[in-house]
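Chains as they are written, first to last, in this note's numbering: chain A, 2 to 356; chain B, 79 to 595. Think of the CB as a built atom: it goes at the ideal place given N, C-alpha and C, for glycine as much as any other residue. So the structure is just underneath, and the comments pick up after that.
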Amino acid sequence: MMIESRVRSILVPILAVLIALLIASIIILLIGKNPLMAYAVMLKGAFGSVRDLTNTIVKTTPLILTGLAVGFGFRAGVFNIGAEGQMAMGALFATIVGMNLGTVPPFLAIPITMFVGMLMGAIWAGIAGFLKAKTGAHEVITTIMLNWIAYYLGNYMVAAPLAVGSGTPKSPEISASARLPVIISVQAIDLTPGIIIAIIAAVIMYFLLERTSMGYEIKAVGFNPYASEYGGISVSKNVVLSMAVSGALAGLAGALEVMGLHHRYLGALTAGKGFDGISIALIGQNHPIGIIFAAFLIGSLRTGSNAMQFAGISKHIVMIIQGIVIFLVAADRIVRTMMDYAKYKRMKSEVGVEG
Amino acid sequence: MEERKDYSEYAVVMKGITKRFPGVLANDHVDLFVRNGEIHAIVGENGAGKTTLMNQLYGLLHPDEGKIYIRGKEVKIRGPGDAIRLGIGMVHQHFMLVKTLTVAENVVLGSETKKGFLFDLREARRRVKELSEMYGLYVDVDAKIEDISVGMQQRVEILKTLYRGAEILILDEPTAVLTPQETEELFEIMRKLKESGKTIIFISHKLNEVMEITDNITVMRLGKVTGRLKTSQTNPKEIARLMVGRDVLLRVEKKPREPGKEVLRVEELWVKDNRGLDAVKGVSFTVREGEILGVAGVAGNGQTELVEAITGLRKIESGKVYILGRDVTNYTPKLLREMGLVHIPEDRQKHGLILQFYGYYNAILGKHYKSPFCYEGVLNLKNIMDHAKKIYEMFDVRPRDPKIPAGNLSGGNQQKLILAREMSSNPKFALFAQPTRGLDIGAIEYIHKNILKLRDMGVGILLISMELEEIFSLSDRIIVMYEGEIMGELKPEETNFEEVGLLMAGHTLQEVRSGVV
Ligand SMILES: Nc1ncnc2c1ncn2[C@@H]1O[C@H](COP(=O)(O)OP(=O)(O)OP(=O)(O)O)[C@@H](O)[C@H]1O
Ligand SMILES: [Mg+2]
Numbered sequence: 002m003m004i005e006s007r008v009r010s011i012l013v014p015i016l017a018v019l020i021a022l023l024i025a026s027i028i029i030l031l032i033g034k035n036p037l038m039a040y041a042v043m044l045k046g047a048f049g050s051v052r053d054l055t056n057t058i059v060k061t062t063p064l065i066l067t068g069l070a071v072g073f074g075f076r077a078g079v080f081n082i083g084a085e086g087q088m089a090m091g092a093l094f095a096t097i098v099g100m101n102l103g104t105v106p107p108f109l110a111i112p113i114t115m116f117v118g119m120l121m122g123a124i125w126a127g128i129a130g131f132l133k134a135k136t137g138a139h140e141v142i143t144t145i146m147l148n149w150i151a152y153y154l155g156n157y158m159v160a161a162p163l164a165v166g167s168g169t170p171k172s173p174e175i176s177a178s179a180r181l182p183v184i185i186s187v188q189a190i191d192l193t194p195g196i197i198i199a200i201i202a203a204v205i206m207y208f209l210l211e212r213t214s215m216g217y218e219i220k221a222v223g224f225n226p227y228a229s230e231y232g233g234i235s236v237s238k239n240v241v242l243s244m245a246v247s248g249a250l251a252g253l254a255g256a257l258e259v260m261g262l263h264h265r266y267l268g269a270l271t272a273g274k275g276f277d278g279i280s281i282a283l284i285g286q287n288h289p290i291g292i293i294f295a296a297f298l299i300g301s302l303r304t305g306s307n308a309m310q311f312a313g314i315s316k317h318i319v320m321i322i323q324g325i326v327i328f329l330v331a332a333d334r335i336v337r338t339m340m341d342y343a344k345y346k347r348m349k350s351e352v353g354v355e356g
Numbered sequence: 079m080e081e082r083k084d085y086s087e088y089a090v091v092m093k094g095i096t097k098r099f100p101g102v103l104a105n106d107h108v109d110l111f112v113r114n115g116e117i118h119a120i121v122g123e124n125g126a127g128k129t130t131l132m133n134q135l136y137g138l139l140h141p142d143e144g145k146i147y148i149r150g151k152e153v154k155i156r157g158p159g160d161a162i163r164l165g166i167g168m169v170h171q172h173f174m175l176v177k178t179l180t181v182a183e184n185v186v187l188g189s190e191t192k193k194g195f196l197f198d199l200r201e202a203r204r205r206v207k208e209l210s211e212m213y214g215l216y217v218d219v220d221a222k223i224e225d226i227s228v229g230m231q232q233r234v235e236i237l238k239t240l241y242r243g244a245e246i247l248i249l250d251e252p253t254a255v256l257t258p259q260e261t262e263e264l265f266e267i268m269r270k271l272k273e274s275g276k277t278i279i280f281i282s283h284k285l286n287e288v289m290e291i292t293d294n295i296t297v298m299r300l301g302k303v304t305g306r307l308k309t310s311q312t313n314p315k316e317i318a319r320l321m322v323g324r325d326v327l328l329r330v331e332k333k334p335r336e337p338g339k340e341v342l343r344v345e346e347l348w349v350k351d352n353r354g355l356d357a358v359k360g361v362s363f364t365v366r367e368g369e370i371l372g373v374a375g376v377a378g379n380g381q382t383e384l385v386e387a388i389t390g391l392r393k394i395e396s397g398k399v400y401i402l403g404r405d406v407t408n409y410t411p412k413l414l415r416e417m418g419l420v421h422i423p424e425d426r427q428k429h430g431l432i433l434q435f436y437g438y439y440n441a442i443l444g445k446h447y448k449s450p451f452c453y454e455g456v457l458n459l460k461n462i463m464d465h466a467k468k469i470y471e472m473f474d475v476r477p478r479d480p481k482i483p484a485g486n487l488s489g490g491n492q493q494k495l496i497l498a499r500e501m502s503s504n505p506k507f508a509l510f511a512q513p514t515r516g517l518d519i520g521a522i523e524y525i526h527k528n529i530l531k532l533r534d535m536g537v538g539i540l541l542i543s544m545e546l547e548e549i550f551s552l553s554d555r556i557i558v559m560y561e562g563e564i565m566g567e568l569k570p571e572e573t574n575f576e577e578v579g580l581l582m583a584g585h586t587l588q589e590v591r592s593g594v595v
């Protein structure tokens, strides 16, 4: 009767996905299409060919990292919803540095560029952490404001100082030595080691949280700042630190997008991937492995949705699916309450309580 | 007890209640019979299952097996809402107040006074004031919960239950945080309530209280009922034996000891409380090696702030603190710990534990970054687990499984875990604030013995307690605090409860000794 919490944390997201697919299929029916056909197209679009699969993996990579960024924050008790801005700052500065590494060999240029991206993400989130620690300003507010600053800063940079070419505002390309090597290239889609880097980041996050004194302190502060202080743990230091680590992950997402995919900064580079991180962290239950799977789910929904669009079914169906999944996972309590309610009702029919 | 169906003379009957938690059988076919209009005690060791049983009566937990009858009628209690409708009220062992709301707001929460559609704060304040005056439970109705002491919060909890007009009151260790004076006042209230026909279930580890106030007693041990006694026909010794399964020394023996050099010196200390008012007003004292200095006083007279200031949790406005001769004024808790200070905090759930953490993580809080628990920033889980197992064994933390999150331990076992962690870390100076609050008599005996062992090993100890018995049986010297000041210093063998009580009420030693009062 009582489901173990670990089993539950795996079961709930899976159930949520199934229910979401079911509800979405009703919507598809209502708009006069065949849901089975729609899902078949979607599946095929995400995994149907090597190219599609590669595309899905490429889309998944930044989502893993933004998911980790937000998930790490949640574990530390901070609500970092600024992954979008941190990712943009990471991408922007990775570009600026990456543009100037032409004379540096790749084995140095690649880590330098990645590091710059992480650093900028860390600084950007760290500002919010600092404000929280020093003035109590809530990170939800400050990270949202920082998102906008990052957004307009990026737009300004590609519109004026860094602008090249015509059409969409964009920066110059980064040096070849700062780009991630291509493992395979399938019809103009390049698979880079970015996905491996993202998975390594997940492993590091797991290790950091579960096996280090730093993780111990970060979680402690998230759970109970009073007891942490009592235990000699600096609350303000750890608030800044957890924001910074979270931001570094988002910044890395931005850097990898530049280094592996666009090779330059564009205003539309982040395109909501930072916000997707929130959903992914929720679906993945803030667990690194869960986040990898959740990112893969969202990534494949995205690639699949394009195929669906071609088949004449609005790609927004996918947004609906995503929305329902999040709703159900976040509202795990609702599921719980419903289960309890069923139990109560059974009890009530046995013996009533006069009220 | 043979099966019978007419329970109309009982306010509460719980039959064959069984409740399992993963790996723990918290209640094992428990039968509880509480007569209409009586005060009924439930006693038992820490972790015996008392709170679990009451949580089922209040609808917070649901029994795996068993039946509940209220006033003779079988009921299912699906949640506290049902319980309240059935006229059951509960004051919890750990407070369930909203920290950011005021006293008045907390008391009326859930049944707010209304003016049209709006919350009528003035009416709420008036009614809460009236209620608190009626029962002598004085509180500042406008203070925020987070700003008031544990003792005050307890009063609010009691008020809250009374406000909802419960007919059957469950009080889970209500007196653990009250002073003897406050306890007497509570007992007055309880007697009044009983006269007006209410039924009270009273959980306490203090057998003298049980003897004083109750009519019948149910004794629990390891999840089972081990005895049902009529209070007038029993004695504390018998109850203790049924609880613990052996005879318990109710008093520890203290060997005389010459104190050594000074470990703690506090000079002219001024500290503010959360509202910015002076809480500690120019207090000075010293503690030497191998000496226990007891601080007596009614809760809320600056003891909490004094402790927090010494342990680095609260800013010292002026004055000095020296540990082992070194000026440690406004040092961080970490530095103080490194100098050999340990601290058993007054509020175990706020400061002492991270409830969501496993027991073994809590067992190293404050030492988590040091060998053998951590090398180069990497935790050594094996050493952590070994340490946790060792101190669980030494201090009898039950269940003996450090993988259980601290929040799932019974109140007394949470306290034992803190004591285990702090007392096992070779302190030079130890600060005990209400160390045995919520412990059963067996555990108190053990902790008292170990506090004395620390003293005999040369540790300097500051003991803050509202239990005069505890202060008297452990301390080498006693100071009494009243409104942030020290009213006098006494030796336990040269004074008595009455004299200390007068100082606690604000009289100076000169006044008392010269017979003015
Ligand atoms: N939520 C929970 N999850 C798991 N185990 C629990 C939970 N609540 C209580 N327990 C276990 O049930 C047992 C009984 O606990 P309970 O709190 O009822 O004890 P108690 O008699 O009130 O003790 P105390 O005097 O220390 O307050 C303990 O072993 C405790 O660890
Ligand atoms: Mg209890």
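Contact with chain B is absent for A17 of chain A, since none of that chain's Cβ atoms lies less than 7 Å from the residue's Cβ. When C-beta distances to chain B are compared with 7 Å, the residues of the stretch 209-230 of chain A below that value are R212, T213, S214, M215, Y217, A221, F224, N225, Y227, A228, E230, in chain order. T271 of chain A carries a coil assignment under DSSP once its states are collapsed to helix, strand and coil. One residue after another in chain order, those with a Cβ under 7 Å from a heavy atom of ligand 2 are B:K128, B:T129, B:Q171, B:D250, B:E251, B:I281, B:S488, B:G489, B:G490.
For N239 of chain A, the Cβ stays outside the 6 Å cut-off from all heavy atoms of ligand 1.
Boundaries of the beta strand (DSSP E) harbouring T296 of chain B: 294-299, taken from the DSSP string. Across the set B:L552, B:M544, B:I519, the C-alpha of B:L552 shows the shortest separation from the C-alpha of L532 of chain B. When DSSP reads this structure, R149 of chain B sits in no beta bridge, so it has no partner. For E258 of chain A, same chain residues with a beta-carbon under 7 Å away, outside a window of 5 residues either side, are P63, A92, L270 in chain order. Between the stretch 312-323 of chain B and the stretch 332-339 of chain B, the count of Cβ pairs shorter than 8 Å is below three; the stretches do not touch. Linking G49 of chain A to A17 of chain A through their CA atoms gives a straight-line distance of about 24 Å. Taken in chain order, the whole beta strand (DSSP E) runs of length 3 or more contained in the stretch 159-214 of chain B are 166-169.
Neighbours of G137 of chain A in chain B, taken as residues whose beta carbon is under 9 Å from its own, are absent, since the nearest beta carbon is some 14 Å off.
Apart from sequence neighbours up to five positions away, the residues of its chain that approach K97 of chain B with a beta-carbon distance below 6 Å are A104, N105, T130, P141, D142, ordered along the chain.
Annotation for H107 of chain B: no alpha helix (DSSP H) segment contains it, though the beta strand (DSSP E) segment containing it runs 102-113. Beta-bridge pairing by DSSP links S186 of chain A to A:D191. Straight through space, the alpha carbons of G68 of chain A and M206 of chain A are spaced by roughly 11 Å. Excluding residues up to 5 positions away in sequence, F451, I462 lie with their Cβ nearer than 6 Å to the Cβ of I442 of chain B in the same chain.
G232 of chain A has a beta carbon lying within less than 7 Å of a beta carbon in chain B. Not flagged as an interface residue toward chain A: H526 of chain B, since no C-beta distance is shorter than 7 Å.
Note on K448 of chain B: under 16 other CB atoms within 10 angstroms of its CB, so exposed under the neighbour-count rule. Of the candidates B:D474, B:E545, B:L487, B:T573, B:D474 places its Cα closest to the Cα of N528 of chain B. Around the Cβ of D325 of chain B, a 10 Å sphere holds fewer than 16 other Cβ atoms; the residue is exposed. Between the stretch 148-159 of chain A and the stretch 82-102 of chain A, the count of Cβ pairs shorter than 8 Å is three or higher; the stretches touch.
As summarised for the stretch 379-428 of chain B, the continuous alpha helix (DSSP H) elements at least 4 residues long and confined to that stretch are 381-388, 411-416, given in chain order.
Here T96 of chain A is not near I198 of chain A, since their CB atoms are 7 Å or more apart. Chain-ordered, the chain A residues with CB closer than 9 Å to the CB of L431 of chain B read N225, A228. Neighbours of G455 of chain B across chain A, judged by C-beta separation under 9 Å: T213, S214, M215. Of the other Cβ atoms in all chains shown, fewer than 16 fall within 10 Å of the Cβ of T136 of chain A; this residue is therefore exposed. If you look at L342 of chain B, you'll find it isn't in any alpha helix (DSSP H); it sits in the beta strand (DSSP E) that goes 340-350.
Look at the stretch 432-446 of chain B: the residues with a C-beta under 9 Å from a C-beta of chain A are I432, L433, Q434, F435, Y439, N440, I442, L443, G444, K445, H446. Within the same chain, V59 come within 7 Å of L262 of chain A by CB-CB distance, once the 5 residues on both sides are set aside.
Contact annotation for K428 of chain B against chain A: N225, Y227, A228 [CB-CB distance below 8 Å, chain order]. In this structure, the beta-carbon distance from I120 of chain B to T296 of chain B falls below 7 Å.
Of all residues in the stretch 251-279 of chain B, none comes within less than 9 Å of chain A when Cβ atoms are compared. Of A:L163, A:S186, A:S26, A:I318, the smallest CA-CA separation from L267 of chain A is found for A:L163.
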